Amino acid sequence: MTFIRNRWYVAAWDGEVSSEPLARTICGEPLVLYRKLAGDVVALRDACPHRLLPLSMGLREGDNLRCTYHGLLVGPDGKPREMPIVHERVNDKVCTPAYAVVERHRFVWVWIGDQWRADPGLVPDFWPCSREGWVFDGGYSYVKCDYRLFVDNLMDLTHETYVHMGSIGQAELMQAPLETAVDGDRVTLSRWMPAVSPPPFWRQALKRDCTVDRWQICSFIEPCSVLIDVGVSPVEAGDTLERHDSGVRGFVIDSMTPETETTCHYFWGMARNFEIDDAGLTARLRAGQDRIFGEDVEILERQQLSIAANPDMALRVLSIDSGGAHARRVIERLMKQDA
Amino acid sequence: MTFIRNRWYVAAWDGEVSSEPLARTICGEPLVLYRKLAGDVVALRDACPHRLLPLSMGLREGDNLRCTYHGLLVGPDGKPREMPIVHERVNDKVCTPAYAVVERHRFVWVWIGDQWRADPGLVPDFWPCSREGWVFDGGYSYVKCDYRLFVDNLMDLTHETYVHMGSIGQAELMQAPLETAVDGDRVTLSRWMPAVSPPPFWRQALKRDCTVDRWQICSFIEPCSVLIDVGVSPVEAGDTLERHDSGVRGFVIDSMTPETETTCHYFWGMARNFEIDDAGLTARLRAGQDRIFGEDVEILERQQLSIAANPDMALRVLSIDSGGAHARRVIERLMKQDA
Amino acid sequence: MTFIRNRWYVAAWDGEVSSEPLARTICGEPLVLYRKLAGDVVALRDACPHRLLPLSMGLREGDNLRCTYHGLLVGPDGKPREMPIVHERVNDKVCTPAYAVVERHRFVWVWIGDQWRADPGLVPDFWPCSREGWVFDGGYSYVKCDYRLFVDNLMDLTHETYVHMGSIGQAELMQAPLETAVDGDRVTLSRWMPAVSPPPFWRQALKRDCTVDRWQICSFIEPCSVLIDVGVSPVEAGDTLERHDSGVRGFVIDSMTPETETTCHYFWGMARNFEIDDAGLTARLRAGQDRIFGEDVEILERQQLSIAANPDMALRVLSIDSGGAHARRVIERLMKQDA
């Protein structure tokens, strides 16, 4: 096993789930997701408890799904509402696993593992995705790699120079000193660049031409997310690494939910606190991320294949990998606690 | 192993086998089938006894097959007639397994397992497929599921309501009481509907408009066939479940020969004792079955995948599954005897 | 393991390797091949020693390859020249395996196994491919079979009658007596046809119409090559099996480098000592071989599948297979020595 079971995982964007059943495998478990008439999301194992036909092939009836093999009607709690033959006694033991669901920060989260442990308070705090004064949008990619390779990738921004050579790679960023901090299960990688000239994107966002403090702060949030806090603020505001809201700020949001040991669902996006009503900017940022993350996906899928093809070689940890290495250590420790 | 080895299995329709070699894997064993000049069918392991090139790539020479690698000539008994070099001594030990074959009831049957046990008397009695006064035709489908899922499917007609919603599903059928009977290795599922109004198809077949007795009798015939006796007879004829030849009668014929543990060859058709010279009706029935069975195939292949994807869930046996459950018990017991 | 590790293997034609990295797996090990500025060939494991991204995705910088993930610069010895962050101390332990390379007889040879044992003196002597007065050309095919099936095929020319029925099959060849000789690790299969009339191809090559001695001599050269010496010389020259250079002579060159246990790289060609400046003849011979070897490839790939599908059947060794059987015995013995 390469992932922690008893956790909330992003299963879908809010907009992906409708009244029509959506099939998606999370941590090796086939799920079907759909919205009740009232709008809240249901997550069930995608198998009829009778003969295991996927419920995602089923028919909606009210808030239930009717299996199209023998007609067993499954409720949103996974329990049967009607048996294959009408008037047959409903047997609650013939049920399919139901999963706790929370819809928050634009995502649908499901709890994998023991359902009695599903505490909504444990949903990771992606506050920039839902806070007043911020706007958030993004996309989804299916990636054929171990989600941990993606965590490695995001917890190290030196790869930008090569992987994103044609897009966002910037040599000057590499010069700034990098701080790694581990605080419990949270791993943070910080770059604080005091009194620098802002690059074009940030100058435009700030709507002022002045010397700024600039930051890039990557946070690994277990089990499988990385949030990257980026922005600039006028140097005279005196912002700090701990508190920096005087200028313009964004968060690159990345959540890599394991599908299997070697594939993952990649939910990505950008939250920002400037020009929040500019739908055109939102669309451009989304398109830009789509292109840039596509560059990462190509690298990661090739890396996954190469790891399998070179079983005698190990991944080496250099100084630039300390963020990812710390994150893997957190995952390792939590997997042990989980088991 | 999920199938009984020492049994006769349908390997092909009579019309599928000609002088040209036909390759088909039965119960995990690659076979080549062809007809001798005199017309009788030969079944050999599809591998030259010399270097294992498929004999189905070979050339017919008289009743023999010549391997197109080195030219070894194999007779219909699997023994060499000529070695790769002409004048080399023929060595009977360099032979390929030959299989007992019986052509009966429009099918080519092969005996898998110990050949000395191949008693033609053990070929299942598909009498409606070959009896005078009856006509029989059908088709072939390759299906990616365990043949036992198909037996389950056929030994339970409640699925018609949902799977065949758009075609033959009929709610009123579901109301009729169902009798399950086990007699040795034969499992029978019977519905007797006394004094009912015949549905359009049967009224037309009967050529009379009168009250009828109607029946549906599914029989599992080991190792892997289901025959479904259907029809109506005028109520005044006094037909019974045991004897009902006063009206019009048909048999839906299904034989699901295992190819591997998760794939099977599906031979299906319809035999009937009315309008037997109406080739148009024969063609229409065939086309209808092709369409209807295609609906089953889609369900069964998805079910097979779902079973593999949900290893922690088991197939549940409800009352409607008793026919299939009894059939599986027969298969289980015979596999043990066989081993 | 089905191949000898400590050996020189053909990895590519000389013309296949350029300054651009070429990825090719040899004996299960992914390699990247490229030429230095000075022209000599480098072979490295195709994985960056840092995070294992294929180096064949890298960028050439001088004689080095820069990984396009984090920018580690790998030298032709597999050692790092620059670490992902400039000014970081170069750590020689973070290196990728480098392979000894020899370019000889138009091929690029790599040594698989322990590199300290890579003696260039052990490269097989394909002298007709590089000797003055000879010309050599050929091609490459990727074949989905165990390389030993290909050795079997080439060490037995009786298959020509059937496999090459439409092309080079000649019944009269089959009549000539065949001598098998084993001398250490070399297996030789010889046909000497004294005082025969030359077939059209050789008559034209000889430019004379006279009675000739004709020969076909197949040599298995471990670990995986077969060279076939063919030609004719005027009978009055008194040539012998040991020495026959009075007429026209060619070598069919075949080297089947294992990729995996069930796939191989097939390097084939023809060397000759007549009309050596006739580029049109060279092209026609190449096109002819391409077509003829395509017939073998079809057979061999089907044979490989059939061997897997018939695990209860074994390859039989008849008299015609003695060449291949001896070659396999040599391989078997050398694999044991190697281990």
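Chains as they are written, first to last, in the numbering used here: chain A, 1359 to 1697; chain B, 1359 to 1697; chain C, 1359 to 1697.
Glycine is no exception: its CB is placed at the ideal position from the N, C-alpha and C atoms.
Computed from a predicted model, the values in this text were never measured in an experiment.
Item, Value
"Would you say T1621 (chain A) reaches chain B, if we count a Cβ-Cβ gap shorter than 7 angstroms as a contact?", "no"
"Quick one: which chain B residues come within Cβ less than 9 angstroms of P1557 (chain A)?", "The premise fails here: P1557 (chain A) is roughly 47 angstroms from chain B at the closest Cβ pair, so nothing lies under 9 angstroms."
"Run the CB neighbour count on D1635 (chain C), radius 10 Å, all protein chains shown included, and call it buried at 16 or more, exposed below.", "exposed"
"Thinking G1589 (chain A) and V1606 (chain A) are a contact (beta carbons under 8 angstroms), I'd like their distance in whole angstroms, please.", "5 angstroms"
"Give a yes or no on whether the C-beta atoms belonging to L1515 (chain A) and S1548 (chain A) are separated by under 7 angstroms.", "no"
"Step through the CB atoms of chain A and report whether any lies within less than 7 angstroms of the CB of T1516 (chain B).", "yes"
"L1395 (chain B): buried (16+ other C-beta within 10 angstroms of its C-beta) or exposed?", "exposed"
"Tell me, to the nearest whole angstrom, how far the beta carbon of F1578 (chain B) is from that of V1688 (chain B); I am working on the premise that it is less than 8 angstroms.", "7 angstroms"
"So for G1527 (chain C), helix, strand or coil by DSSP?", "Reliability fails at G1527 (chain C), whose pLDDT of 49 lies under 50, so the model's placement of it is uncertain and the value that follows must be treated cautiously. Correct three-state label for G1527 (chain C): coil."
"Count the other C-beta atoms from every protein chain shown that fall within 10 angstroms of the C-beta of R1447 (chain C), then say buried if there are 16 or more, exposed otherwise.", "exposed"
"For E1690 (chain A), which residues from the same chain have a beta carbon less than 6 angstroms from its beta carbon, with the 5 sequence-adjacent residues on both sides left out?", "none"
"Can you find a C-beta in chain C that's less than 7 angstroms from the C-beta of R1506 (chain A)?", "no"
"Alpha carbon to alpha carbon, what distance is there between E1537 (chain B) and E1378 (chain A)?", "38 angstroms"
"Below 8 angstroms, how does it come out for the region 1409-1423 of chain A and the region 1433-1448 of chain A: are there three or more Cβ pairs, yes or no?", "yes"
"Using 8 angstroms for Cβ pairs, my map puts V1400 (chain A) next to P1434 (chain A). What's the rounded Cβ distance?", "4 angstroms"
"With DSSP collapsed to three states, give me the class of M1614 (chain A).", "strand"
"Using a beta-carbon distance cut-off of less than 8 angstroms, what residues from the region 1404-1430 of chain A approach chain B?", "D1404, A1405, P1407, H1408, R1409, L1410, L1411, P1412, M1415, R1424, C1425, T1426, Y1427, H1428 and G1429"
"Applying a beta-carbon distance threshold of less than 8 angstroms, which residues of chain B neighbour M1551 (chain A)?", "Going along chain B, no residue has its Cβ under 8 angstroms from M1551 (chain A), so there is no contact; the nearest lies around 49 angstroms."
"Alpha carbons only, please: which of A:V1375, A:P1486, A:T1426 and A:M1359 is nearest the one belonging to I1586 (chain A)?", "A:P1486"
"Roughly how many angstroms separate the alpha carbons of R1393 (chain A) and W1626 (chain A), rounded to a whole number?", "22 angstroms"
"Report the start-end ranges of each alpha helix (DSSP H) in the region 1502-1572 of chain A that is 4 residues or longer and not cut off at the edges.", "1505-1512, 1518-1521, 1529-1533 and 1558-1564"
"Between the beta-carbon of Y1457 (chain A) and the beta-carbon of T1615 (chain A), is there less than 7 angstroms?", "no"
"Can you find a CB in chain A that lies within less than 7 angstroms of the CB of I1443 (chain C)?", "yes"
"Is it true that the CB of H1684 (chain C) sits closer than 7 angstroms to the CB of V1540 (chain C)?", "yes"
"Check distances from the C-beta atoms of the region 1656-1676 of chain C to those of chain B and list, in chain order, the residues that come in under 7 angstroms.", "I1657, R1660, Q1661, S1664, I1665, A1667, N1668, M1671, L1673, R1674 and L1676"
"Whole beta strand (DSSP E) runs in the region 1374-1460 of chain A with 3 or more residues, listed along the chain?", "1380-1384, 1387-1393, 1399-1403, 1417-1419, 1422-1424 and 1438-1440"
"Going along the chain, which residues of its own chain have a beta-carbon closer than 8 angstroms to the beta-carbon of T1618 (chain B), five neighbours each way excluded?", "T1383 and G1386"
"Among C:W1474, C:G1652 and C:C1453, which one has its Cα closest to the Cα of S1499 (chain C)?", "C:G1652"
"Chain B partners of I1678 (chain C), CB-CB under 7 angstroms?", "H1428, P1442 and I1443"
"Look up G1491 (chain A) in the DSSP assignment and give the residues it is bridged to.", "In DSSP, G1491 (chain A) forms no bridge with anything."
"Decide if P1388 (chain A) is buried, meaning its Cβ has at least 16 other Cβ atoms within 10 Å, or exposed.", "buried"
"So which residues on chain B does P1388 (chain A) lean against when the C-beta distance must stay under 8 angstroms?", "S1664, A1667 and N1668"
"For A1641 (chain C), tell me which candidate among C:F1494, C:V1570, C:Y1520 and C:D1696 has the shortest Cα-Cα distance.", "C:F1494"
"Kindly indicate if chain C contains any beta-carbon less than 7 angstroms away from that of V1400 (chain B).", "no"
"For chain B, is any of its Cβ atoms less than 7 angstroms away from the one on V1448 (chain A)?", "no"
"Please report how far the alpha carbon of L1663 (chain A) lies from the alpha carbon of S1376 (chain C), in whole angstroms.", "25 angstroms"
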